[in-house]
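Numbering (our numbering), first residue to last: 336 to 407.
In what follows, a single structure is set out as structure tokens and then discussed.
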Ligand SMILES: [Zn+2]
């Protein structure tokens, strides 16, 4: 039984530089997304979706930076 799944985020984890993120398999908009390698909180699922749509770039980077600084 898998309770979470991994996906690749266009923006790297600010702590370890990994692009592999983990989210619950339910994927509620407010579910927390954590880095799959260092387990740091990165953003919420709805924010990750925005970044996935936008792709890499300064807009996505600042969105993730804000989410990380805001914390869980
Ligand atoms: Zn990390």
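Here a beta-carbon is modelled for each residue, glycine too, at the ideal position from N, C-alpha and C.
- About 17 Å separates the CB atoms of residue 395 and residue 358; that is not less than 8 Å, and the two are not in contact.
- Its Cα nearest to that of residue 337, the residue 360 stands out among 402, 360 and 353.
- Residue 397 has no beta-bridge partner at all, per DSSP.
- DSSP links residue 339 through a beta bridge to 359.
- A Cβ-Cβ contact shorter than 8 Å links residue 371 with residue 341.
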